[in-house]
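The structure appears right after this line, and notes come after that.
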Amino acid sequence: MSVNTIVDPVTTTAWKALDAHSQGLDANLRTWFEQDPQRASKLSFTAADLHVDLSKNLITDETLELLIKLAGEVNLEDRRAAMFAGERINVTEDRAVLHTALRRPADAQPQLVVDGQNVDEDVHEVLAKVYDFADRVRSGEWTGITGKQIETVVNIGIGGSDLGPVMVYEALKPYAQPGLAARFISNIDPTDAAETVADLDPETTLFIVASKTFGTLETLTNARVCREWLLTSLREAGALEGKDEKDAVAAHFVAVSTALDKVADFGIDPENAFGFWNWVGGRYSVDSAIGTPLAIVLGPDVFEQFLAGFHAMDEHFRTAPLAENVPALMGLLNIWNVNFLGAETHAVLPYDQYLHRFPAYLQQLTMESNGKSVRADGTPVTTETGEVFWGEPGTNGQHAFYQLIHQGTRLIPADFIAFANPVHSTKDGEQDVHELFLANFFAQTKALAFGKTAEEVRAEGTAEEIVPARVFSGDRPTTSIMASQLTPSVLGQLIALYEHITFVQGTVWGIDSFDQWGVELGKQLALQLAPAVGGDREVLAQQDSSTQGLIEFYLNNRK
1 MSVNTIVDPV
11 TTTAWKALDA
21 HSQGLDANLR
31 TWFEQDPQRA
41 SKLSFTAADL
51 HVDLSKNLIT
61 DETLELLIKL
71 AGEVNLEDRR
81 AAMFAGERIN
91 VTEDRAVLHT
101 ALRRPADAQP
111 QLVVDGQNVD
121 EDVHEVLAKV
131 YDFADRVRSG
141 EWTGITGKQI
151 ETVVNIGIGG
161 SDLGPVMVYE
171 ALKPYAQPGL
181 AARFISNIDP
191 TDAAETVADL
201 DPETTLFIVA
211 SKTFGTLETL
221 TNARVCREWL
231 LTSLREAGAL
241 EGKDEKDAVA
251 AHFVAVSTAL
261 DKVADFGIDP
271 ENAFGFWNWV
281 GGRYSVDSAI
291 GTPLAIVLGP
301 DVFEQFLAGF
311 HAMDEHFRTA
321 PLAENVPALM
331 GLLNIWNVNF
341 LGAETHAVLP
351 YDQYLHRFPA
361 YLQQLTMESN
371 GKSVRADGTP
381 VTTETGEVFW
391 GEPGTNGQHA
401 FYQLIHQGTR
411 LIPADFIAFA
421 NPVHSTKDGE
431 QDVHELFLAN
441 FFAQTKALAF
451 GKTAEEVRAE
461 GTAEEIVPAR
471 VFSGDRPTTS
481 IMASQLTPSV
491 LGQLIALYEH
501 ITFVQGTVWG
511 IDSFDQWGVE
521 LGKQLALQLA
531 PAVGGDREVL
541 AQQDSSTQGL
551 IEFYLNNRK
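In C-alpha cells form, the structure reads like this:
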C-alpha cells in the first residue's frame, strides 16, 4: 500500500473499539490514581530533555492500547518513514515534506538524497552562508551606509516568516548579543511598520525581507514602506550626501528569498539573499534561512544548539516505539479528546514569560496544518478535524480564563509547560519567587484533575447555599511538560514535539497537513476589491450588498 493511500479512520476496527470504549468510560481520576499507585510513573515519559506526564489525561491502559492500534491501522509508522525519507507526502502540491532535514547534522549518515539532490549538502551550504553573514554583522564588519555598526535587525515577514522568528527571539532573549536587538513587522496595517521603526536610528538598522517568492503582498508592501522610511530619514539627517541611494538600500536590506531577480529589482544584492526550498512549509521554516535574524542576534552557536534540539526530538519521534513515543502519544491523545470526548479547543499554558508567543506560534502550526474538511484524496473528511489552539502564560491566565477550564461546561484539554530553573532567580523576602510560580503550575493540574467535592467544600465551613458554586468537578485532562531549563536546545525540542503531534493527527484524519489553500481566497478577493476601496464605482457596483455597504461607509468616513 502506498503511503499516500488514505485509510478512512472510522472504518478501522480500532476506531470502532475506541467509540465503544468511550461510551462506556466512567472517567474518575481520583479513583484511577487510588487504584493504581504506579499510574503516574507508567504514564510519564522522557523525550530528549523533556519530561512529559500524561497521567492526568482521561485514559486507561485500554485507551492507549486502542490508540496505538489505530496508529497501526492508519499506517502511521510507514507515513512517518516516508516523511523522513523525502517522499512526496504533500500530495496537493506534489512536494516532499522535509523540515526535519533542516536540522540534520552535516555528518549525518547516510546522507539524505532526494530526486538526485544531496539535501544535507544543500542545507548546510545555506546555513554556512547565513552564519557567515551573521558573524559579519555581529563583529561590526558589516555596517550601514555611514559606516556605523548594526544595532537593530528588523525582520519583515508574515505567517511562518514572522511567527517563528518572533516567538524564538522572545523565548531566547537572554542569549542575545548585548547591543544587538531584533524587531518584527508583519501586519499590513500601517501602524505596525510605523510603530516599529519610530524610535530607530536608520544608520544602525538592518532590514531582512523574508518572502520565498518575494511577492507576498503584506511583506513587500511593508518592505517598500521601510525602504522609503530609511531613505527619507537618511536624507533628513544629511547621511546621504555624496552617497548613492542604491548603495544605502543594499547596505541596509537583505532578503530571505529564492526569487533573485525580484530581490535585485528591489535594490538588494542577490549575494545577500538566503534561500530555502519548496519542501519547507512556512510554518515549518523557523530553522531554515527564515531564522537569519535569530542567527544574527543570538549567534550561530546558539542557532546550532537550537537546531540540535529539533534533531533530538526528530530522532525520538523517528525511532521510539509508539508506546513510548511522546509526539505519537500526544497526537493520539488529541484524537481521543477531539473525536471521542468532544473537545473543540486545546489550551497551551507555558509557565515561563519568555514563551509568551508560543501559543500564537502553535496556532498557525496546528490550525493551518489540520484545519481541513477534505482529505488528501479529495474526499470529504469523515470525522471532526483540528482543534482551536490558544493560550497565555501562567499565572496571567489563572486570573482570566482558567475559570472556564475549571468549572465551565466545555472539556478543554490543556498542556502545561514549565522549567525547573529560572533565568532570573528572584526572592521576595525569604520566598523564592520561582518556587511560588511553580507551586501554581503544580496546583493547577492537580485541581483540574481531582477537583473538590461538595463534602470537602462543606468541611471548610462554607454556607450550604454557596456549596454548589464552590464545587470543582475535576476530571479535566492535562498534560505536563517539564525540562530543567529553557535553553535553545529545549526550545527546539518543544517546537519539533508539536510539529510531530500535528503530523500524527493529520495522518489519522487522512488530511494533507502541509498545504494551506484556505489562506488563498481572502487574499485573492482583497486584490479584486482594492479598486473599489480606492473609489472605483464600477468595481464597487459588482459586489454583494453587504460588501458594498461596508465599503460605502469607509469611503464616506475616510478623511
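Heads up: the sequence shown runs through residues 1 to 559, numbered per this note's numbering.
Virtual Cβ for every residue (Gly too), placed ideally from N, Cα, C.
- Query: Is the region 199 to 214 close to the region 137 to 153, with three or more CB pairs under 8 Å?
  - Reply: yes
- What residue range is occupied by the uninterrupted alpha helix (DSSP H) comprising T565? Residue 565 is absent from the structure shown; the chain starts at 1 and stops at 559.
- Query: Beta-carbon separation of L307 and G429 under 8 Å?
  - Reply: Translated into the one-based positions of the sequence shown, residue 307 becomes position 307. Translated into the one-based positions of the sequence shown, residue 429 becomes position 429. Cβ atoms of L307 and G429: not closer than 8 Å.
- Message: With a threshold of 8 Å on Cβ separation, who are the neighbours of R470 within its own chain once the five nearest residues in sequence on each side are excluded?
- Response: Translated into the one-based positions of the sequence shown, residue 470 becomes position 470. Counting only Cβ-Cβ distances below 8 Å, and skipping sequence neighbours, we find K452, V457 and T462.
- Message: Within the continuous beta strand (DSSP E) that includes F45, where are the two ends?
- Response: Counted from its first residue, the sequence shown places residue 45 at position 45. Element bounds for F45: S44 to A47.
- Contact check, L76 vs P9, beta carbons under 8 Å: Against the sequence shown, residue 76 aligns to sequence position 76. Against the sequence shown, residue 9 aligns to sequence position 9. For L76 and P9, no; Cβs fall outside 8 Å.
- Item | Cut-off 6 Å between Cβ atoms - residues of its own chain near P350, not counting five sequence neighbours on either side | Against the sequence shown, residue 350 aligns to sequence position 350. So the qualifying residues of the chain are F358, P393 and I417.
- Task: Determine the contact status of F340 and L362, defining contact as a CB-CB distance below 8 Å.
- Result: Translated into positions along the sequence shown, residue 340 becomes position 340. Translated into positions along the sequence shown, residue 362 becomes position 362. The answer is no: Cβ separation not under 8 Å.
- Query: What residue does the beta strand (DSSP E) around P350 start on, and which one ends it?
  - Reply: Residue 350 sits at position 350 when you count from the first residue of the sequence shown. Counting along the chain, the beta strand (DSSP E) containing P350 begins and ends at T345 to P350.
- Task: Measure the C-alpha to C-alpha separation of T5 and F84 and round it to an integer number of angstroms.
- Result: What you label residue 5 is simply residue 5 of the sequence shown in a count that begins at 1. What you label residue 84 is simply residue 84 of the sequence shown in a count that begins at 1. Taking the straight line from one Cα to the other gives about 17 Å.
- What's the call for Q431, buried or exposed, on a 16-neighbour Cβ count within 10 Å? The residue given as residue 431 occupies position 431 in the sequence shown. Classification for Q431: exposed.
- Message: Going by beta-carbon coordinates alone, are I156 and A210 separated by less than 8 Å?
- Response: Walking along the sequence shown from the start, residue 156 turns up at place 156. Walking along the sequence shown from the start, residue 210 turns up at place 210. Cβ atoms of I156 and A210: closer than 8 Å.
- Which term fits S545, buried or exposed, when burial requires 16 or more other beta carbons within 10 angstroms of its beta carbon? Your numbering for residue 545 matches position 545 in the sequence shown. Exposed, because fewer than 16 other Cβ atoms sit within 10 Å of the Cβ of S545.
- Quick one, are the C-beta atoms of G164 and V249 less than 8 Å apart? Sequence index remark: in the sequence shown, residue 164 carries index 164 (1-based). Sequence index remark: in the sequence shown, residue 249 carries index 249 (1-based). No, the pair does not count as a contact, with Cβ atoms beyond the cut-off.
- Task: Would you mind working out which of S513, L298, H434 and S489 sits nearest A376, comparing C-alpha positions?
- Result: Indexing the sequence shown from 1 puts residue 376 at position 376. Of the candidates S513, L298, H434 and S489, the one whose C-alpha sits nearest the C-alpha of A376 is S513.
- Task: Ignore the nearest five residues each way along the sequence and tell me which others in P190's own chain have a CB closer than 8 Å to its CB.
- Result: Taking the sequence shown and counting its residues from 1, the one referred to as residue 190 is at position 190. Here the set comprises V225.
- Query: What is the residue span of the alpha helix (DSSP H) that L58 lies within?
  - Reply: Taking the first residue of the sequence shown as position 1, residue 58 is located at position 58. No alpha helix (DSSP H) contains L58, which DSSP labels as neither H nor E.
- Straight-line Cα distance separating A27 from I290: Against the sequence shown, residue 290 aligns to sequence position 290. Against the sequence shown, residue 27 aligns to sequence position 27. Cα-Cα distance, rounded: 45 Å.
- Task: Give me the Cα-Cα distance between A561 and A526, rounded to the nearest whole angstrom.
- Result: Any property of residue 561 remains undetermined from this structure, which presents the chain solely from 1 to 559.
- Go through its chain and collect everything with a Cβ distance to G140's Cβ below 6 Å, but skip five positions before and after it. Locating residue 140 in the sequence shown gives position 140, where the first residue counts as 1. So the qualifying residues of the chain are Q149.
- Message: Considering only their Cβ atoms, is the gap separating S55 from L43 smaller than 8 Å?
- Response: Within the sequence shown, residue 43 is the residue found at index 43, counting from 1. Within the sequence shown, residue 55 is the residue found at index 55, counting from 1. Cβ atoms of L43 and S55: closer than 8 Å.
- Query: Relative to the C-alpha of T292, which residue among W279, G275 and I495 is closest?
  - Reply: On the sequence shown, position 292 is the one that residue 292 refers to. T292 has its Cα closest to that of G275, out of W279, G275 and I495.
- Task: Report, in whole angstroms, the separation of the C-beta atoms of P477 and L67, which I expect to be a contact under 8 Å.
- Result: For the purposes of this step, residue 477 is taken as residue 477 along the sequence shown, with counting starting at 1. For the purposes of this step, residue 67 is taken as residue 67 along the sequence shown, with counting starting at 1. Rounded, the Cβ-Cβ distance is 14 Å, inconsistent with contact.
- Same chain, Cβ closer than 7 Å to H124, neighbours up to 5 away in sequence not counted: For the purposes of this step, residue 124 is identified with residue 124 of the sequence shown, where counting begins at 1. Cβ neighbours of H124 beyond the five flanking positions: A106.
- Task: In the DSSP assignment, find the unbroken beta strand (DSSP E) run with N155 in it and report its ends.
- Result: Taking the sequence shown and counting its residues from 1, one reaches residue 155 at position 155. Where N155 is concerned, the enclosing beta strand (DSSP E) stretches over T152 to I156.
- Task: Return the chain-ordered list of same chain residues with a C-beta closer than 7 Å to the C-beta of D94, the five sequence neighbours on each side being excluded.
- Result: Sequence index remark: in the sequence shown, residue 94 carries index 94 (1-based). Excluding residues within five positions, the ones whose Cβ falls inside 7 Å are R88.
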